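Visitor: Residue numbers (the numbering used here): 52 to 546. Here a beta-carbon is modelled for each residue, glycine too, at the ideal position from N, C-alpha and C. Bear in mind the structure is a predicted one, so any value in this text is a computation, not a measurement.
So this is what it looks like as structure tokens:
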């Protein structure tokens, strides 16, 4: 893991674990400092950054720290003293011994992490977590496994394999775009594509998002023309985009020096020669010229539409909507459908990995209490390259139960060919916007020219830009050689 990746993980944890928004459940273990003792066996305590008044039937002293077990009653929270004989100094191992649970190093480390992040936990869930640790030992990186469990505890998710596995998947170095291309290729090479036509179509759409978007742009241009030639070409293009869009794609790419702009890899099953026979030379040249002109233009509207389409077709929120207006099943639903009765195979394994990645995003968005977290990881083609954009929005809910846009934090990350891994941290306080860009390559001079337009665009939606800064991680020697040895364009795309 590089420095930027570690930074994103740290930001993610800080945004996720909001100690001021804790809600306690029955039989959870917490560590709190007694601030003040009241009559009738009540006390004011500080548990992390949160203060609460609770009933405590035990001999305690003010300004001392104790371990407690919660009991949720109709009259409020009661706290039971866990270690009457001592106050501070108990570690994860002491907790394990107290509950007579296996006291191995990983379990002890997990408890220490839960306490460090001020996350309450119960004996029951702790026992389940120990089983998970044993089950995944050697199968997942320790740090990723701990993080998956921390997220599950914080979000009050079931401590079970069907939850932890997806939470591990979203931390995997293999991105969702890579999983989709791999699954698409495996399906077409397995001989099962005809049996899973709807899945095959969905994967083609997801792995060719920009080509399909540009095809629709060309369609729109042709629709605006009234000459006979354009109308005939439009009819042919619409017919083939419906019957065999891959054939159109291969026709456009034939003898096209801009091949990489539209095609990550080539499939052999398209009937490109057949479509070539149906289009005369003038029609082919016109179509190629229109596509070539279109693919060089990348607009904010295009990026927005590609993100919306990818989200819908993956099934992160709702069903995709086809161009004909008919509902199509999203990828998530199709994977569940075909996995139900599918035999064990490499194809099944690829389908399970993709489904875990999608489910992991769902679990990351689960949130109880006054704090809302939006998490999404979407593959997208920006210009000539594929990347995955991760977006996290954290903030307290407003009166409509949605994230308050006046006070929130937005973190998004992506990897671009020229400027490498980039994390953008946007902090919004009373509609004042502070932006921090974490990148090893960009310099302050690279962003100065864009500050004016950014400030003006924010002003139009009633936000004020208070500052933009760049912070660097640790750039390795190999990256330094690449930078010093080759001239390059530092801006991949302006978003």
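What is the DSSP secondary structure of residue 354, counted as helix, strand or coil?
Guide: In the chain shown, the residue the question calls residue 354 occupies position 303. Three-state result, residue 354: helix.
Visitor: If you count every other CB in all the chains shown that lies within 10 Å of the CB of residue 513, and 16 or more means buried, which is it?
Guide: Residue mapping note: residue 513 aligns to position 462 of the chain shown, counting from 1. Classification for residue 513: exposed.
Visitor: On a Cα-Cα basis, can you pick out the residue from 153, 152 and 195 that is closest to residue 164?
Guide: As a working mapping, residue 164 is identified with position 113 in the chain shown. Checking every option, the nearest Cα to that of residue 164 belongs to 195.
Visitor: Under the assumption that residue 230 contacts residue 466 (Cβ atoms under 8 Å), give the Cβ distance between them as a whole number of angstroms.
Guide: Position 179 of the chain shown holds residue 230. Position 415 of the chain shown holds residue 466. Not confirmed; about 15 Å, so no contact.
Visitor: Give me the Cα-Cα distance between residue 414 and residue 367, rounded to the nearest whole angstrom.
Guide: By one-based count along the chain shown, residue 414 stands at place 363. By one-based count along the chain shown, residue 367 stands at place 316. Their backbone Cα atoms lie some 11 Å apart in a straight line.
Visitor: Quick one: what does DSSP say residue 380 is sitting in, helix, strand or coil?
Guide: Along the chain shown, one-based indexing puts residue 380 at 329. The answer is coil: DSSP assigns residue 380 none of H, G, I, E or B.
Visitor: Below 8 Å on the Cβ atoms is my contact criterion, and I expect residue 263 with residue 296 to pass it. Report the Cβ-Cβ distance as a whole number of Å.
Guide: Along the chain shown, one-based indexing puts residue 263 at 212. Along the chain shown, one-based indexing puts residue 296 at 245. Residue 263 to residue 296, Cβ: 7 Å. Contact.
Visitor: Using three-state DSSP, classify residue 269 as helix, strand or coil.
Guide: The sequence position of residue 269 within the chain shown is 218, counting from 1. The answer is helix: DSSP assigns residue 269 an H, G or I state.
Visitor: Measure the C-alpha to C-alpha separation of residue 431 and residue 352 and round it to an integer number of angstroms.
Guide: Residue 431 sits at position 380 when you count from the first residue of the chain shown. Residue 352 sits at position 301 when you count from the first residue of the chain shown. Taking the straight line from one Cα to the other gives about 14 Å.
Visitor: Just to confirm my understanding: we take residue 459, look at its own chain, exclude 5 residues before and 5 after, and list those with CB closer than 7 Å. What are they?
Guide: Locating residue 459 in the chain shown gives position 408, counting from the first residue. For residue 459, where only same-chain residues beyond five positions count, the Cβ hits under 7 Å are 444, 445, 446 and 479.
Visitor: Below 8 Å on the Cβ atoms is my contact criterion, and I expect residue 361 with residue 260 to pass it. Report the Cβ-Cβ distance as a whole number of Å.
Guide: Your numbering for residue 361 matches position 310 in the chain shown. Your numbering for residue 260 matches position 209 in the chain shown. Indeed, because the Cβ distance is near 6 Å, the residues count as touching under 8 Å.
Visitor: On the DSSP letters alone, give me the boundaries of the alpha helix (DSSP H) that residue 156 sits inside.
Guide: Translated into positions along the chain shown, residue 156 becomes position 105. Residues 156 to 167.
Visitor: Residue 389 and residue 250 look like a contact to me (Cβ under 8 Å); what is the Cβ gap, rounded to whole Å?
Guide: Taking the first residue of the chain shown as 1, we reach residue 389 at position 338. Taking the first residue of the chain shown as 1, we reach residue 250 at position 199. Going by Cβ atoms, the distance from residue 389 to residue 250 rounds to 6 Å, so yes, they are a contact pair.
Visitor: Taking the alpha-carbon of residue 148 as reference, which of 174, 126 and 169 has the nearest alpha-carbon?
Guide: Counted from its first residue, the chain shown places residue 148 at position 97. Selected option, being the one with the closest Cα: 174.
Visitor: What is the DSSP secondary structure of residue 237, counted as helix, strand or coil?
Guide: Walking along the chain shown from the start, residue 237 turns up at place 186. Reduced to three states, the DSSP call for residue 237 is helix.
Visitor: Does DSSP classify residue 525 as helix, strand or coil?
Guide: Taking the chain shown and counting its residues from 1, the one referred to as residue 525 is at position 474. At residue 525 the pLDDT is 47, less than 50, meaning the model places this residue with poor confidence; the figure from the coordinates comes in the next sentence. Of the three classes helix, strand and coil, the one that applies to residue 525 here is coil, per DSSP.
Visitor: Identify which residue in 518, 241, 154 and 95 has its Cα closest to the Cα of residue 503.
Guide: Position 452 of the chain shown, counted from the first residue, corresponds to residue 503. Nearest option by C-alpha distance: 518.
Visitor: For the pair the stretch 447 to 454 and the stretch 239 to 258, tell me if three or more CB-CB distances fall below 8 Å.
Guide: Touching, no, given that fewer than three Cβ pairs across the two stretches are closer than 8 Å.
Visitor: By how many angstroms is the C-alpha of residue 472 removed from the C-alpha of residue 434?
Guide: For the purposes of this step, residue 434 is taken as the residue at position 383 of the chain shown. For the purposes of this step, residue 472 is taken as the residue at position 421 of the chain shown. Going by the C-alpha atoms only, they are around 17 Å apart.
Visitor: Going by DSSP in three states, residue 15 sits in which element: helix, strand or coil?
Guide: Shown here, the chain extends from 52 to 546; a query on residue 15 therefore has no answer.
Visitor: Is the stretch 115 to 133 touching the stretch 76 to 96, taking contact as three or more C-beta pairs under 8 Å?
Guide: The stretch 115 to 133 is in contact with the stretch 76 to 96.
Visitor: Just confirm the distance between the C-beta atoms of residue 87 and residue 113, as a whole number of angstroms; I'd bet it's less than 8 Å.
Guide: Looking up residue 87 in the chain shown gives position 36. Looking up residue 113 in the chain shown gives position 62. Right, the Cβ-Cβ distance comes to about 6 Å (below 8 Å), so this counts as a contact.
Visitor: Using only the alpha-carbon positions, how far apart do residue 337 and residue 186 sit?
Guide: Counting from one through the chain shown, the residue named residue 337 turns up at place 286. Counting from one through the chain shown, the residue named residue 186 turns up at place 135. The alpha-carbon atoms of residue 337 and residue 186 are separated by roughly 59 Å.
Visitor: Which of helix, strand or coil does DSSP assign to residue 110?
Guide: Within the chain shown, residue 110 is the residue found at index 59, counting from 1. Of the three classes helix, strand and coil, the one that applies to residue 110 here is coil, per DSSP.
Visitor: So residue 514 is in the alpha helix (DSSP H); what residue range does that whole segment cover?
Guide: Along the chain shown, read from residue 1 onward, the residue named residue 514 stands at position 463. No alpha helix (DSSP H) contains residue 514, which DSSP labels as neither H nor E.
Visitor: Rounded to a whole number of angstroms, what is the C-alpha to C-alpha distance between residue 78 and residue 393?
Guide: On the chain shown, position 27 is the one that residue 78 refers to. On the chain shown, position 342 is the one that residue 393 refers to. Cα to Cα, the separation comes out at about 41 Å.
Visitor: For residue 154, collect the residues of the same chain with a Cβ closer than 8 Å to its Cβ; drop the 5 residues on either side in sequence, then sort them by chain order.
Guide: On the chain shown, position 103 is the one that residue 154 refers to. The answer, listed in chain order, is 144, 147 and 148.
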